[in-house]
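A.B. asks: Counting from 1 along the sequence shown, just add 327 to a position and that's the residue number in our numbering.
Idealized CB from N, CA, C, for every residue including glycine.
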Amino acid sequence: MKTKRDFFVRDRLIQEAVCEDTWCDRCVQADLGLIDPVEYEEDGRVFVEGRCARCSAVVVTVLTERQADE
């Protein structure tokens, strides 16, 4: 079950890093940007889901403990 979290309580630098360090499967390219980020937790893992800034495909990033703490 997904538990919604507030992405925007994170430090602004972390928000920017998460939204810039992306991979789009449709564009097959890195770092295109993530728009409309939504953070949630599922099965003990933290995800940020949004849309690719270039093609609007859904992009999901799994945050590691190191990423979440930075």
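1. Please give the ranges of any beta strand (DSSP E) in the segment 337-397, keeping only runs that are unbroken, at least 3 residues long and fully inside the region.
2. Give a yes or no on whether the C-beta atoms belonging to Phe334 and Glu368 are separated by under 8 angstroms.
3. May I have the straight-line CA-CA distance separating Cys382 from Asp358, to the nearest angstrom?
4. So what does Lys331 bridge to, in DSSP terms?
5. Assuming Ile362 and Ala344 are in contact, meaning their beta carbons sit under 8 angstroms apart, how far apart are those beta carbons, in whole angstroms?
C.D. replies: Considering the structure as presented:
1. 361-369, 372-379, 385-390
2. Position 7 of the sequence shown holds residue 334. Position 41 of the sequence shown holds residue 368. Not closer than 8 angstroms, so no.
3. For the purposes of this step, residue 382 is taken as residue 55 along the sequence shown, with counting starting at 1. For the purposes of this step, residue 358 is taken as residue 31 along the sequence shown, with counting starting at 1. Distance between the alpha carbons of Cys382 and Asp358 is about 13 angstroms.
4. For the purposes of this step, residue 331 is taken as the residue at position 4 of the sequence shown. For Lys331, which the question treats as bridged, DSSP gives the partners Tyr367.
5. If you number the sequence shown from 1, residue 362 lands on position 35. If you number the sequence shown from 1, residue 344 lands on position 17. Between Ala344 and Ile362 the Cβ distance is about 15 angstroms, and since that is not below 8 angstroms, they are no contact.
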